[in-house]
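Asks: I have a structure I would like to understand better, so I am pasting it below and will then ask my questions one at a time.
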Amino acid sequence: MFSQFPETIHAPILVPQSHQQSGVPPINHLPSEIIKYIFSLSADENTLSQYRNQLYLFWVCQAWRRVIINNALLWTTIDFRGNPELVGTVVQRSGNAGLLVELWDETFDYPEKLALLSSTSISEAHRIETIQAILSSSSLQLIVDDVLRHSSPSLRHLALCGILHDEIPLIDSQMPFTLDIGNLETFEIYDSSQVPWDCLRSVISKVWKLDIRFEWQETFLDFFADIQSSFNQLKVLVMRFESTCDIPQLYTITLPNITTLVIEGNSVPSVAGCLRIPNVRRLAIYDEMGFNFSFHPDFDYNSIEYVSVTNCWSTSFTFCCSTSFTFHIVGSTEKDMIPTDNWGREEVKQFNLKAHFNQEFPEHLPGVMETSRSPSNLITHYGSLASLSLIRSTPDAYVFGR
69 MFSQFPETIH
79 APILVPQSHQ
89 QSGVPPINHL
99 PSEIIKYIFS
109 LSADENTLSQ
119 YRNQLYLFWV
129 CQAWRRVIIN
139 NALLWTTIDF
149 RGNPELVGTV
159 VQRSGNAGLL
169 VELWDETFDY
179 PEKLALLSST
189 SISEAHRIET
199 IQAILSSSSL
209 QLIVDDVLRH
219 SSPSLRHLAL
229 CGILHDEIPL
239 IDSQMPFTLD
249 IGNLETFEIY
259 DSSQVPWDCL
269 RSVISKVWKL
279 DIRFEWQETF
289 LDFFADIQSS
299 FNQLKVLVMR
309 FESTCDIPQL
319 YTITLPNITT
329 LVIEGNSVPS
339 VAGCLRIPNV
349 RRLAIYDEMG
359 FNFSFHPDFD
369 YNSIEYVSVT
379 NCWSTSFTFC
389 CSTSFTFHIV
399 GSTEKDMIPT
409 DNWGREEVKQ
419 FNLKAHFNQE
429 FPEHLPGVME
439 TSRSPSNLIT
449 HYGSLASLSL
459 IRSTPDAYVF
469 GR
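Residue numbers (the numbering used here): 69 to 470.
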């Protein structure tokens, strides 16, 4: 578990003499980051459920109760669906820690909750680092006015998700998205095809991670082609989309700083063919329809270090490379993954993978194949990749770090 954290966090852990024999430090001697991680394993993703879970953990023992009360990192998520007393408790217990604000449509059903949102966003603006908004279009203006405007100096992560209405855009082109949020590091937007990309220019040109989910629209590539030179800091690009037809490869989009690319949709080849990402090192692909995959002709396969293929029914996957990389697939058992012959030879290698997986808990599956062998010329992977899944819960297997 400690391997997930920097050594500066877990190295200073001091184990009292009474615990040296077992090698397990008491919980009150663990760093706050590790305590937060441990307790997060016992709660679901619903914030209100996490609050209830912390109340249950109060009853484990007196030591746990003290840890929960005094650990500011356990009180950093504000869900305004809770009652005002709960919101006030979270703000108080969080001390000076950075805050994550979650906004839901029902937040705006009651005037007192809207007033609480406004007052909290003003008083704690200097601590709001993350905003996650799941709202209808009619409510988004309230975020911009009451939260985003106040928290923009400290904001690091912004995620906007709208209730999809084809006739109502999630983002109005007249909305003040020209705010000074120059410190924003990651931006996620999940919406239909009505997003006016031009109004987001000042937001996404400064981030190092961009996560977009949308129904296909040509204006997206138009916008990307126009703004590509502005992505000076973009390292991680995640694209999830739906398209009923092939996308014409009329564009060449050059993103030289991209090191991690995740593409999820049903027209992966069309998108991949438009991208020129010479320095990409990690690649994750999800395409239910299957694909014959290739990048822009100038793509440098030698830069690839890690590949993940997800849920592809019928796939041809070709790499020409001379350096080592990791090819990562999740299957049901190790015996299902039988590479023919040795990896080091020049002839084409074939795999037949028959796998089944649990979509909810893929991290528990055996049969992960990883290789760092160095093929000298060509590796081609042909397969019937039925029911394969990427390990989404492993950070460096799906949304890779900075």
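C-beta: ideal position from N, C-alpha, C; glycine also.
What's the call for F107, buried or exposed, on a 16-neighbour Cβ count within 10 Å?
Replies: It is buried - the Cβ of F107 has at least 16 other Cβ atoms within 10 Å.
Asks: Please classify Q160: does DSSP put it in a helix, a strand, or coil?
Replies: Reduced to three states, the DSSP call for Q160 is helix.
Asks: Quick one: using the 10 Å Cβ neighbour count with 16 as the cut-off for buried, is D147 buried or exposed?
Replies: By the neighbour-count rule (16 or more Cβ atoms within 10 Å), D147 is buried.
Asks: For P152, I'd like the list of residues in its chain whose CB is within less than 6 Å of its CB, leaving aside the five on either flank, ordered along the chain.
Replies: Excluding positions up to five away in sequence, the list reads L184.
Asks: For the beta strand (DSSP E) holding I146, just list the boundary residues, first then last.
Replies: That run of the beta strand (DSSP E) goes T145 to D147.
Asks: Within 10 angstroms of its Cβ, does G163 collect 16 or more other Cβ (buried), or is it exposed?
Replies: With fewer than 16 Cβ atoms within 10 Å of its Cβ, G163 is classed as exposed.
Asks: If we count the other Cβ atoms within 10 Å of its Cβ and call it buried at 16 or more, is N139 buried or exposed?
Replies: Classification of N139: buried, given that the 10 Å Cβ count is 16 or more.
Asks: Would V159 and L226 qualify as a contact pair, given that the criterion is a beta-carbon distance under 9 Å?
Replies: Contact flag unset, no.
Asks: On the CB-based measure, 16 or more other CB atoms within 10 Å of its CB, does V306 come out buried or exposed?
Replies: With 16 or more Cβ atoms within 10 Å of its Cβ, V306 is classed as buried.
Asks: Looking only at C-alpha atoms, which of E170, L171 and L142 sits nearest to T157?
Replies: Residue L142 is the option with its Cα nearest to T157.
Asks: Which class does Q296 belong to by DSSP, given the choice of helix, strand or coil?
Replies: Of the three classes helix, strand and coil, the one that applies to Q296 here is helix, per DSSP.
Asks: Of the residues R344, E332, L278 and I326, which one's Cα is nearest the Cα of R350?
Replies: Out of R344, E332, L278 and I326, I326 has the C-alpha closest to the C-alpha of R350.
Asks: Thinking just about the alpha-carbon of each residue, which of T320, R217, H218 and G333 is nearest to the one in C342?
Replies: Out of T320, R217, H218 and G333, T320 has the C-alpha closest to the C-alpha of C342.
Asks: Compare the C-beta of S186 with all C-beta atoms of chain D and state if any pair is closer than 9 Å.
Replies: Included in the structure is just one protein chain, with no chain D present.
Asks: For S100, which of I136, L125, C129 and W127 has the nearest alpha-carbon?
Replies: When each option's Cα is compared against that of S100, the closest is I136.
Asks: Going straight from the alpha carbon of P221 to that of V330, what length do you get?
Replies: Their backbone Cα atoms lie some 29 Å apart in a straight line.
Asks: Sort R281, D290 and F255 by Cα distance to S273 and report the nearest one.
Replies: Residue F255 is the option with its Cα nearest to S273.
Asks: Which residues bound the beta strand (DSSP E) around W172?
Replies: Its beta strand (DSSP E) spans residues L167 to W172.
Asks: Can you check which of these residues, T322, I102, R308 and L278, is closest to D294 by C-alpha distance?
Replies: Ranking T322, I102, R308 and L278 by Cα distance to D294 puts T322 first.
Asks: Looking at T188: is its Cβ nearer than 9 Å to the Cβ of L168?
Replies: No, the Cβ-Cβ distance between T188 and L168 is not below 9 Å.
Asks: Quick check on the DSSP output: the beta strand (DSSP E) that includes I257 runs from which residue to which?
Replies: Here the beta strand (DSSP E) through I257 covers T254 to Y258.
Asks: Alpha carbon to alpha carbon, how far is I196 from I345? Give it in angstroms, no decimals.
Replies: Rounded to the nearest angstrom, the two C-alpha atoms are 33 Å apart.
Asks: Quick check: what's the CA-CA separation for Y258 versus A193?
Replies: Approximately 25 Å, taken between the alpha carbons.
Asks: Beta-carbon within less than 7 Å of Q296's beta-carbon, same chain only, minus the 5 sequence neighbours each way: which residues are those?
Replies: Same-chain partners within the cutoff: I321, T322 and L323.
Asks: How long is the line joining the alpha carbons of L154 and R224, rounded to whole angstroms?
Replies: For L154 and R224, the distance between alpha carbons rounds to 25 Å.
Asks: Helix or strand or just coil, what does DSSP make of F126?
Replies: Residue state, collapsed to three classes: coil.
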